[in-house]
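Numbering (numbering that gives the first Met the number 0), first residue to last: 0 to 248. Cβ atoms here follow ideal geometry from the backbone N, Cα and C, with glycine treated the same way. As the structure is a prediction and not an experimental result, all values here were calculated from the model.
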Amino acid sequence: MPHPDERVEYELWTNSNDECGPLCDEQAAFVRSFRGHAQILERGGYARFTPHYITWYCPEAFRLTRQCQSQCINHGRYCAPDPEEDFGEGYEGKQVVVENLRQLCVHRVANESGRPWAWWDFAMDYKLRCSMKEKKYSKACAEEVVASLGLSLEKVLACMGDPDADADNAVLSKEQEDQIGRGSRGDVTILPTLVINDVQYRGKLERTAVLRAVCAGFKEGTEPQVCLSHGEHQGLHFRRQDGESTMNF
0 MPHPDERVEY
10 ELWTNSNDEC
20 GPLCDEQAAF
30 VRSFRGHAQI
40 LERGGYARFT
50 PHYITWYCPE
60 AFRLTRQCQS
70 QCINHGRYCA
80 PDPEEDFGEG
90 YEGKQVVVEN
100 LRQLCVHRVA
110 NESGRPWAWW
120 DFAMDYKLRC
130 SMKEKKYSKA
140 CAEEVVASLG
150 LSLEKVLACM
160 GDPDADADNA
170 VLSKEQEDQI
180 GRGSRGDVTI
190 LPTLVINDVQ
200 YRGKLERTAV
210 LRAVCAGFKE
220 GTEPQVCLSH
230 GEHQGLHFRR
240 QDGESTMNF
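Rendered as structure tokens:
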């Protein structure tokens, strides 16, 4: 596990969809349980966290098909799977893409306002208040959560742009670029994926295990108190791009 300096950089590839079964439940539980640790680390300047959302594109030859029309925005440029895998009912993939985009923009606006940790509050509140299971997964519900956190809705909307435009979206194009592997990180192909100091974490997405992994990323002697008080240094598993496992003791 690389630990080049006194600040750890880590990212979580996740999804706003909550109808994907155990994987979605696992991600929601992790956001709730890890939020406190994440905010302590970021408020103290010890860590830099970035949320990410996987998106794919529809080949141009298929952009007028029902599948692309219901799962994509910006004329097929950015897509997400239909939550129910049924194009005839329930939510559509394009609604998931728009909400993923909103959450990316919430992080950007929060970061610009000096409160990057507010993303964790938004993500947790959204999952609690705007669930697909309760038929509340909507723009209106999301905007209520944005307002409750004191973030600028105007700036969030400006960041999101027009999902109906026949044009690239800078935020989502960046996400597609970031999915491609670089160095030891490897491609991001599944959800959830946690990357710490550019290395993919291969462990349980659980509060104690992830805190241990994040804490292993600090240069020796620079660990914050939240790491020392939990003794988070043992038994970590990561995987390099070449597939070989590495361990820290």
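With a cutoff of 8 Å on beta-carbon distance, A37 and F48 are scored as near each other. Taken through DSSP and simplified to helix, strand or coil, P191 comes out as coil.
Under the three-pair Cβ rule at 8 Å, the stretch 185-194 counts as touching the stretch 7-21. Residue Q68 holds the alpha-carbon nearest to the alpha-carbon of D163 among Q68, P115, E111.
Exposure of E5 is indicated by the presence of fewer than 16 other C-beta atoms within 10 angstroms of its C-beta. Sequence-distant Cβ neighbours of L103 in its own chain, meaning closer than 6 Å and more than five residues away, are V170. Contact between the stretch 53-65 and the stretch 149-167 is absent, with fewer than three C-beta pairs closer than 8 Å. When C-beta atoms of the stretch 135-147 are compared with those of the stretch 88-106, three or more pairs fall below 8 Å, so the two segments count as touching. Just so you know, the alpha carbons of W116 and M123 end up roughly 12 Å apart. Within the stretch 78-132, the complete alpha helix (DSSP H) segments of 4 residues or longer fall at 92-111, 117-128, listed in chain order. If only uninterrupted beta strand (DSSP E) runs of at least 3 residues are considered, those enclosed by the stretch 18-59 are 46-52. In the DSSP assignment, E8 falls outside any alpha helix (DSSP H) and within the unbroken beta strand (DSSP E) covering 7-13. Membership of Q199 in the beta strand (DSSP E) is indicated by the continuous run 198-200.
DSSP lists C78 as the bridge partner or partners of C71. With a 10 Å radius around the Cβ and a threshold of 16 neighbouring Cβ atoms, K93 comes out buried.
Sixteen is the threshold: when 16 or more other Cβ atoms of the shown chains lie within 10 Å of the Cβ of K126, as they do, the residue is buried. With fewer than 16 other Cβ atoms from the protein chains shown falling within 10 Å of its own Cβ, G220 counts as exposed. Each of Q70, E25, N110 was checked against the Cα of R206, and the nearest Cα belongs to E25. When C-alpha distances from H51 are compared across R34, R107, P21, the shortest belongs to R107.
Around the Cβ of P58, a 10 Å sphere holds fewer than 16 other Cβ atoms; the residue is exposed. Assignment of T207 by DSSP, reduced to helix, strand and coil, places it in the helix class. Counting every other CB atom within 10 Å of its CB across the protein chains shown gives Q224 a total below 16, marking it as exposed. G202 places its beta carbon 8 Å or farther from that of A215.
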